[in-house]
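Visitor:
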Amino acid sequence: MENRKRFRKTMFKLLHKDKTSKARLGLLTTAHGKVCTPCFMPVGTQATIKTLSADEIKSCNAEMLMANAYHLYLRPGEEVLKKAKGIHKFMSWDGPIMTDSGGYQIFSLAALRKVKKGGVEFNSHIDGSKHFMTPEKIIEFQNILGSDIMMPLDECLHYPVSRNNVEESLKITFDWAKRSKKAFRKQKAENRRQKLFGIIQGSTYLDLRKVAAAEIVGLDFDGYAIGGVAVGEPSELIHEVTEYTADLLPEKKVRYLMGVGTPLDMLDAIAEGIDLFDCVVPTRNGRNGQAFTWNGELQLRNAPFKKDFDPIDKKCDCYACKNHTRAYIRHLFNTEEILGLRLVSLHNVYFYVKLIEVSRRAISENRFEEFKEEFRSRYKK
RNA sequence: GGGGAGAUGGCGGAGUAGUCAAACGCACCAGACUGUAAAUCUGGCGGCUUCGGCCUACGAAGGUGCGAAUCCUUCUCUCCCCA
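In the working numbering, the protein residues as written are 824 to 1204.
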């Protein structure tokens, strides 16, 4: 009991605050190890960072991964994951894993679901079968997954959306948060090392964000997430909402900006006081031929790279940059060879993790703002 | 030597008198992607353009017709069958 209490208390330790921005350095302790923050989590919705093996993910220096409870609930399902003894063993990743609830699928699979008070009615995108997801069920399932950090079911709205709709939606998200917390408390003793975050919604209405933050923080979660951001709104709005909401969160708890983002979005968000990120961009865009570098973005399928025998990024130490050229990777994309997708995914994840690593150093040296602006000035879109 | 079929934009291949700068693929050229229904999706793809059009085009040259990728004549080439 004592141990458990101490573990709860020290889940996040704020180590340092940058003197030129709101950026912070922290240490996050999970059941599967400690993680320095700010931290970027590659997204492995289906218990796999698409195209990359666990070894390759490790070679990118990624520490914590993200997976999706809704997707894993549909496939392979509860029974398999129970028998596999949880997601870590199933996917052979012994580092920390966060699982999202399926709140984002309320947004992305809008045509296939109906939000009701009790939960969400989903038609499976796989076979059309009907499923009723409740906050309790999602917590129980994440309990079976054994993820280090779980997210409660929430409603992620699209942009733009009317104030009325946001108000109605916030009631549901708050109700679900309370029920999630209650279900979380009931979980089995051996799984008590799992953590549960609260999610602040409210779209772009700052006063509604304020109310939502007060309500969710009032429930006392292990960490707080800002959700419903980067769902189609312009970049300035993303950051206005992020900064405003981050300021409403307790300083000593970890802050997670859900689904963000591009390299520039992440740096801005770090300066706004965010500690955790996840995003599909490095892997999805990587599979579509876009590479991220210290000088900007490259569309590697484009003709100018046909005879470009430089690595993706001369400054990068990843396997792809150490061993292969842009011309070769372009050729792989051109011929639809799988290795191309893998190399760019690997490079992008490596780059994202490195960018955050370098950001941490800049924060520790109290020059984050300068670092961020220098990066921006060199970064070509 | 005799008989038959056919030649369409970078390639494959529709179209067989007007609504054709020509379907559809492929190739090529761009763009998008932010808690992943995504190795996906969107757009462009003869030339010029003041974006209204204009010019050049369906093997070549002639012809019929208001009008031809589409019909006729000749030529060139390709493929198939028989000797």
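All C-beta atoms in this analysis are idealised placements derived from N, C-alpha and C, irrespective of residue type, glycine included.
#1: For Asn1157, tell me which candidate among Gly1112, Leu935, Pro861, Ala885 has the shortest Cα-Cα distance.
#2: At which residues does the beta strand (DSSP E) containing Lys953 begin and terminate?
#3: Give the list of continuous beta strand (DSSP E) stretches no shorter than 3 residues that lie fully inside the stretch 963-1046.
#4: With DSSP run on the structure shown, which of helix, strand or coil describes Glu1063?
#5: For the alpha helix (DSSP H) containing Thr1106, name the first residue and the last one.
#6: Just how far apart, CA to CA, sit Ala846 and Glu1056?
#7: Please list, in chain order, all residues of the same chain as Glu825 whose beta carbon is under 8 Å from its beta carbon, the five residues on each side excluded.
#8: Excluding the five sequence neighbours on either side, which residues of its own chain have a C-beta within less than 7 Å of the C-beta of Trp999, listed in chain order?
#9: Along the chain, where does the alpha helix (DSSP H) containing Gln1113 start, and where does it finish?
#10: Rounded C-beta distance between Ala892 and Ser924? I'm assuming under 8 Å.
#11: Does the contact criterion of 3 or more C-beta pairs under 8 Å hold for the stretch 1058-1067 versus the stretch 1171-1191?
#12: Going by other Cβ atoms of all chains shown within 10 Å of its Cβ, with 16 needed for buried, is Ser844 buried or exposed?
#13: Closer than 8 Å by C-beta to Ala1035: which residues in its own chain qualify, once you throw out the five before and the five after it? Chain order, please.
#14: Examine the Cβ distances between the stretch 908-924 and the stretch 859-878 and report whether three or more of them are shorter than 8 Å.
#15: Is the beta carbon of Leu980 closer than 9 Å to that of Ser1003?
#16: If you reduce the DSSP assignment to three classes, tell me which class Met887 lands in.
#17: Ends of the beta strand (DSSP E) at Val1083?
#18: Nearest CA to the CA of Phe1132: which residue from Asn1118, Asp1140, Ile1152, Lys1138?
#19: Report the partner residues of Arg847 according to the DSSP bridge assignment.
Guide: Here's the rundown:
#1: Per the C-alpha coordinates, the member of Gly1112, Leu935, Pro861, Ala885 positioned closest to Asn1157 is Gly1112.
#2: 953-956
#3: 1018-1023
#4: helix
#5: 1104-1110
#6: 23 Å
#7: For Glu825, the pLDDT reaches just 43, beneath the cut-off of 50, and the residue's location in the model is therefore unreliable, although a value from the coordinates is still provided. Contacts found: none.
#8: Pro958, Pro975, Leu976, Asp977
#9: Taken as a continuous stretch (DSSP letters only), Gln1113 belongs to no alpha helix (DSSP H), being part of the beta strand (DSSP E) at 1113-1116.
#10: 5 Å
#11: no
#12: buried
#13: The beta carbon of Ala1035 lies closer than 8 Å to those of Leu993, Thr996, Phe997, Ile1023, Gln1024, Gly1025 in the same chain, with the five residues before and after it left out.
#14: yes
#15: no
#16: coil
#17: Per DSSP, Val1083 belongs to no beta strand (DSSP E) and is neither H nor E.
#18: Ile1152
#19: Lys840
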